[in-house]
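Enquirer: Numbering of the sequence shown is given in my numbering, commencing with residue 874 and proceeding in unit increments.
Glycine residues also receive a C-beta, built at the ideal position from the N, C-alpha and C atoms.
Small disclaimer: the values here were computed from a predicted structure and weren't measured.
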Amino acid sequence: MEGAPLGRIEITFTSPGRGGSAETLESRWIIEGAEVRGFNVNSDPSMGGIPVESVEISYSSMTYQYFTKDSKGVRSGSMEETKWRV
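#1: Using three-state DSSP, classify S900 as helix, strand or coil.
#2: What do you get for A895, buried or exposed, if any count of 16 or more other CB atoms within 10 angstroms of its CB means buried?
#3: Look up S888 in the DSSP assignment and give the residues it is bridged to.
#4: Our contact map puts Y937 next to W902 with C-beta atoms below 8 Å; I'd like the distance itself, whole angstroms only.
#5: Assuming S949 and D943 are in contact, meaning their beta carbons sit under 8 Å apart, how far apart are those beta carbons, in whole angstroms?
This is the structure we're talking about:
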């Protein structure tokens, strides 16, 4: 599994909807050129010994998309993004 190419990975963060409505998009990570660098499974004593998986990846770039919020935590604009290249 180590060295296996994954390509593009998108991870979306949401919050529960209000009053039974659908979840609300809060932010997103878009990871390009991802490869598996390590994979490990260990039992976690703090969680009753259940197996916990860890995956270490490398990547060529990452884009963080998010909504800006005002001091009350209310969205104050459209989605913005920041991009890093490694």
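Expert: Looking at the atomic coordinates:
#1: In the sequence shown, residue 900 corresponds to position 27, counting from 1. Correct three-state label for S900: strand.
#2: Sequence index remark: in the sequence shown, residue 895 carries index 22 (1-based). By the 10 Å Cβ count, A895 comes out exposed.
#3: Here residue 888 is taken as the residue at index 15 of the sequence shown, counted from 1. Its beta-bridge partners are T897.
#4: Looking up residue 937 in the sequence shown gives position 64. Looking up residue 902 in the sequence shown gives position 29. Rounded, the Cβ-Cβ distance is 6 Å, consistent with contact.
#5: Stepping through the sequence shown from its first residue, residue 949 is reached at position 76. Stepping through the sequence shown from its first residue, residue 943 is reached at position 70. So it is a contact: roughly 4 Å between Cβ atoms.
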